[in-house]
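Peer 1: Chains as they are written, first to last, in my numbering: chain A, 1 to 323; chain B, 1001 to 1329. Glycine included, C-beta positions come from ideal geometry on N, C-alpha and C. All of these numbers come straight from a predicted model, not from anything done at the bench.
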Amino acid sequence: MSEALLEVKHLSKHFHIPGGIGRSGGIVRAIDNVSFSIRRGETVGLVGESGCGKTTTGRCVLLLERPTSGSIWFEGVDIAALSPRELRSMRRKVQVIFQDPYSSLNPRMTIGQIIAEPLKVHGIIRDKAKREARVRELLEQVGLLPQHAARYPHQLSGGQRQRVGIARALAMEPALIICDEPVSALDVSIQAQIVNLLEDLQKRLGLTYLFIAHDLSVVRHISDRVVVMYLGKIVEVADRRALYEDPLHPYTQALLSAVPIPDPALEASRNRTVLRGEVPSPLNPPSGCVFHPRCPKAIERCAAEIPPLREIKPGHWAACHLA
Amino acid sequence: MAALLEVRNLRTTFLTSGGTVRAVDGVSWEVREGETVALVGESGCGKSVSALSVMRLVSEPAGRIEAGEILYKGRDLLKLSEPQMRQVRGREIAMVFQEPMTSLNPVLTIGRQLTEGLEIHMKLKGDAARARAIELLGMVGIPDPARRLAQYPHHFSGGMRQRMMIAMALACNPSLILADEPTTALDVTIQAQILELMRDLSRRLGVAMLIITHNLGVVARYADRVNVMYAGRIVESASAAELYANPRHPYTLGLLRSVPRLDEPKRARLDPIVGQPPDLTRLPPGCAFSPRCAYRVDRCAEAPSLAEVRTAHTAACWESVRLVKELAA
Chain A
1 MSEALLEVKH LSKHFHIPGG IGRSGGIVRA IDNVSFSIRR GETVGLVGES GCGKTTTGRC
61 VLLLERPTSG SIWFEGVDIA ALSPRELRSM RRKVQVIFQD PYSSLNPRMT IGQIIAEPLK
121 VHGIIRDKAK REARVRELLE QVGLLPQHAA RYPHQLSGGQ RQRVGIARAL AMEPALIICD
181 EPVSALDVSI QAQIVNLLED LQKRLGLTYL FIAHDLSVVR HISDRVVVMY LGKIVEVADR
241 RALYEDPLHP YTQALLSAVP IPDPALEASR NRTVLRGEVP SPLNPPSGCV FHPRCPKAIE
301 RCAAEIPPLR EIKPGHWAAC HLA
Chain B
1001 MAALLEVRNL RTTFLTSGGT VRAVDGVSWE VREGETVALV GESGCGKSVS ALSVMRLVSE
1061 PAGRIEAGEI LYKGRDLLKL SEPQMRQVRG REIAMVFQEP MTSLNPVLTI GRQLTEGLEI
1121 HMKLKGDAAR ARAIELLGMV GIPDPARRLA QYPHHFSGGM RQRMMIAMAL ACNPSLILAD
1181 EPTTALDVTI QAQILELMRD LSRRLGVAML IITHNLGVVA RYADRVNVMY AGRIVESASA
1241 AELYANPRHP YTLGLLRSVP RLDEPKRARL DPIVGQPPDL TRLPPGCAFS PRCAYRVDRC
1301 AEAPSLAEVR TAHTAACWES VRLVKELAA
């Protein structure tokens, strides 16, 4: 269990923004010197608000984005340095589930065709009848019926479509699945169904998940460890329990305090830290600690010096001068 | 407190390729002066259409308000002429939409969008309108408001645009604001800012609010009373404190149980509501929730109506007594 399946080291991805009329160009540091690892069989949650770099991190691990610098080690191999041919076989082992089950399924293909396509493209099952049998098996694994294979995406509900997205990812028998906001587009009553399904599949198939989400309650439920990002940087990494019970970074503390709890009595007695201001533009990030303009605890040093990610307690890392 | 808005037996239908759909099917609720009421439910339950019906903004000819009364300060809005209705929209009842990007005009300045309503409803012109616009932007916490007036919506972040929407809604001192998922498109730290702002302003100015949301946490913190909707009907209605402490409808109970909570120990498994959301073109006879309900009995083939289960607490379920007994056991 302790073997690292994925190791991301000093990963950066910068986007060049061209100048235009009335606008100057620049560099967006979408992710900046990010390092973390995922052990086999583990679920690592990646949380943060829009623009924090969590989706870009996922896309880099999938090599849908070429990193600007840094390395990504998967099963001991630096995948950022692979040839296209070697990459092809690696891609089978890392699959993705997208947020929007409406736009991520081809509306002109049947569910059966959608799930069978990767099996065909990668030449995993060349015989058509065997492929169809495998599709039926996959449908059953995600809680759908064999007759769903003949339907089109528009004939299914959002929750059923997300199950199809999961079946398509499972078809490759991957070791790692990047789940990019897999439940946030779904209705509340359906979210729990999908979360349970992902957990069941993990147990049964020994899967490893990188679970990208902004919903802190869902991340707490599903993750073994959690990585918190803010403006392209990791601000805190810890085991689930440590992160939620004893958050060390003021940003993590504020995020947790911002989540409303469905209990009026508790909410009335709760002291909330409401953060001032908004996330600054990544084109022009603040000096020193990127969080300091909004931080309720900021001191002079925070504006001048970038806090490194330090191990404050065993296994609990935070990037804060005051931690 | 007197009822400011009283919706009685409202029915709004849409003509679709699958047949006529009752998006809102005989729904009654009210908002009293100065209070905050929530309409809670999942997509397609009719919560947004309820608000659009109050504003008479249901898109015709596909959509139609078929029956019911919408009494605002005792006047039935459904009987008003369109020019009379225009005096109500923005002046008496204002709306805050979910998507601040698509509900602001991208080619008009922030200032123009604020002053338009002031000119029409308040007869303010020139410097007076401008001064009021600056005051409004300041009130919703937009820094440097005088300079901001000349900018366009795309210069604003998502949170700032939603502040701007709230400023527009408050412009003509309405008595009631309908807020349709006002923070759903926003990040959680900004969501907290906007909700706190809305609550402070509604208290300070005495404006009543209807919040439409699917987020049970938001409801718990900000609503005085709650109406839970499912498939076009209200299935449960109570004060927020009562609803969370004593849910009496299996759907409400299911919603509360299906979300993981930060204040509780992590559960081994979540308890989802089984099955799929209802397809409004093919609703089962009787109670629409019955195909997904753990408490279903034969009688559910007959639709239950809202009945008082405790003081000021109604639920539409035949088995609400059994539900309570089994919860206690």
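#1: Do A:Leu275 and B:Gln1162 count as a contact pair if the criterion is CB distance below 9 Å?
#2: Go ahead and label A:Ile21 buried or exposed: buried means 16 or more other beta carbons lie within 10 angstroms of its beta carbon, across all protein chains shown.
#3: Given B:Ala1220, which residues of its chain have a CB within under 7 Å of its CB, disregarding the five upstream and five downstream residues?
#4: Going by beta-carbon coordinates alone, are A:Gly159 and B:Gln1276 separated by less than 9 Å?
#5: Determine the burial state of B:Pro1106: buried for a count of at least 16 other Cβ atoms within 10 Å of its Cβ, exposed for fewer.
#6: Do the CB positions of B:Glu1264 and B:Ala1315 come within less than 9 Å of each other?
#7: Indicate whether at least one CB of chain A lies closer than 9 Å to the CB of B:Thr1189.
#8: Buried or exposed for A:Pro296, please, with buried defined as at least 16 other CB atoms from any protein chain shown within 10 angstroms of its CB.
#9: For the pair the region 247-260 of chain A and the region 1182-1192 of chain B, tell me if three or more CB-CB distances fall below 8 Å.
#10: Can you tell me whether A:Leu411 is helix, strand or coil according to DSSP?
#11: When the Cα of B:Gly1214 is compared with those of B:Leu1201, B:Arg1148, B:Leu1256 and B:Ile1120, which residue comes out closest?
#12: For a contact defined as C-beta to C-beta under 8 Å, what are the partners of A:Ala258 on chain E?
#13: Counting contacts by CB-CB distance shorter than 9 Å, is A:Leu266 in contact with chain B?
#14: According to DSSP, what are the bridge partners of B:Asn1227?
#15: With a cut-off of 9 Å, does the C-beta of B:Asp1271 fall near any C-beta of chain A?
#16: Residues in the same chain with beta-carbon distance under 8 Å from A:Asp187, minus the five sequence neighbours each way, listed in chain order, please.
#17: Would DSSP call A:Gln99 helix, strand or coil?
#18: Could you check whether the Cβ of B:Pro1250 sits closer than 9 Å to any Cβ belonging to chain A?
#19: Among residues of its own chain, excluding the 5 on either side of A:Ala30, which ones have a beta-carbon nearer than 8 Å to its beta-carbon?
#20: Measuring alpha carbon to alpha carbon, tell me which residue in B:Gly1041, B:Ala1133, B:Ala1023 and B:Arg1130 is nearest B:Cys1053.
#21: Might you give, ordered along the chain, the residues of its own chain that have their beta carbon closer than 8 Å to the beta carbon of B:Thr1311, omitting 5 neighbours on each side?
#22: Closer than 9 Å, CB to CB, is B:Asp1240 near chain A or not?
#23: What separation, rounded to the nearest whole angstrom, lies between the Cα atoms of A:Val228 and A:Val61?
#24: Quick check on DSSP: helix, strand or coil for B:Thr1109?
#25: Could you check whether the Cβ of B:Ile1120 sits closer than 9 Å to any Cβ belonging to chain A?
#26: Could you spell out the range, first to last residue, of the alpha helix (DSSP H) harbouring A:Lys120?
#27: Classify B:Glu1326: buried if its beta carbon has 16 or more other beta carbons within 10 angstroms, exposed otherwise.
#28: Does A:Ala319 have its Cβ less than 9 Å from a Cβ in chain B?
#29: Checking 9 Å against the spacing of the C-beta atoms, do A:Leu11 and A:Pro67 come in under that value?
#30: Given this structure, state the Cα-to-Cα distance separating A:Ala265 from B:Asn1246, to the nearest angstrom.
#31: Which residues does DSSP pair with A:Tyr230 in a beta bridge?
#32: How is the alpha helix (DSSP H) around A:Ile334 delimited, first residue to last?
#33: Comparing C-alpha positions only, which one of A:Arg131, A:Ala175, A:Ile178 and A:Gly143 sits nearest to A:Arg161?
#34: If you measure beta-carbon to beta-carbon, which residues of the region 1190-1222 of chain B are closer than 9 Å to chain A?
#35: Please say whether B:Arg1056 and B:Leu1039 have beta carbons closer to each other than 9 Å?
#36: If you draw a straight line from the C-alpha of A:Leu210 to the C-alpha of A:Ser50, how long is it?
Peer 2: So, to answer that:
#1: Not a contact, by the Cβ cut-off of 9 Å.
#2: So A:Ile21 counts as exposed.
#3: Excluding residues within five positions, the ones whose Cβ falls inside 7 Å are Ala1240 and Tyr1244.
#4: Yes.
#5: By the 10 Å Cβ count, B:Pro1106 comes out exposed.
#6: Cβ atoms of B:Glu1264 and B:Ala1315: not closer than 9 Å.
#7: Yes, contact with chain A.
#8: With fewer than 16 Cβ atoms within 10 Å of its Cβ, A:Pro296 is classed as exposed.
#9: Output reads yes: the region 1182-1192 of chain B touches the region 247-260 of chain A.
#10: Outside the displayed span of chain A (1 to 323) sits residue 411 of chain A, for which this structure offers no information.
#11: The question names Gly, but residue 1214 of chain B is His in the sequence shown. Residue B:Leu1256 is the option with its Cα nearest to B:His1214.
#12: The chain labelled as chain E is not found among the protein chains of the depicted structure, namely A and B.
#13: At least one beta carbon of chain B lies nearer than 9 Å to the beta carbon of A:Leu266.
#14: DSSP, once it has assigned bridges, lists B:Leu1039 and B:Ser1237 as partnering B:Asn1227.
#15: Yes - at least one Cβ of chain A is within 9 Å of the one on B:Asp1271.
#16: Listed in chain order, the non-local C-beta contacts of A:Asp187 below 8 Å within the same chain comprise Gly158 and Gly159, local neighbours out to five positions each way being set aside.
#17: Coil at A:Gln99, not helix or strand.
#18: With 9 Å as the cut-off, B:Pro1250 does not count as an interface residue toward chain A.
#19: Contacts found: Lys13, His14, Phe15, Gly53, Thr56, Gly232 and Pro282.
#20: This sequence places Ser at residue 1053 of chain B; Cys is not what is there. Taking only the C-alpha atoms, the option nearest B:Ser1053 is B:Ala1023.
#21: Result list for B:Thr1311: empty, nothing under 8 Å.
#22: The residue asked about is misnamed: residue 1240 of chain B is Ala in this sequence, not Asp. Yes, B:Ala1240 counts as interfacial toward chain A.
#23: In a straight line, the C-alpha of A:Val228 is about 17 Å away from that of A:Val61.
#24: In the structure shown, the three-state DSSP call for B:Thr1109 is coil.
#25: For B:Ile1120, the answer is no, since every Cβ of chain A falls outside 9 Å of its Cβ.
#26: Ile111 to Val121 is the span of the alpha helix (DSSP H), which, as asked, contains A:Lys120.
#27: Result: exposed.
#28: At least 9 Å separates the CB of A:Ala319 from every CB of chain B.
#29: Yes.
#30: Distance between the alpha carbons of A:Ala265 and B:Asn1246 is about 13 Å.
#31: For A:Tyr230, which the question treats as bridged, DSSP gives the partners A:Lys233.
#32: The displayed coordinates of chain A run from 1 to 323. Any statement about residue 334 of chain A would go beyond what the structure contains.
#33: Of all alpha-carbon atoms in A:Arg131, A:Ala175, A:Ile178 and A:Gly143, the one lying nearest the alpha-carbon of A:Arg161 is that of A:Gly143.
#34: The residues in question are Ile1190, Gln1191, Ala1192, Gln1193, Leu1195, Glu1196, His1214, Asn1215, Leu1216, Gly1217, Val1218, Val1219, Ala1220, Arg1221 and Tyr1222.
#35: No, these two residues do not count as a Cβ contact at 9 Å.
#36: Each residue's Cα considered, the two are about 17 Å apart.
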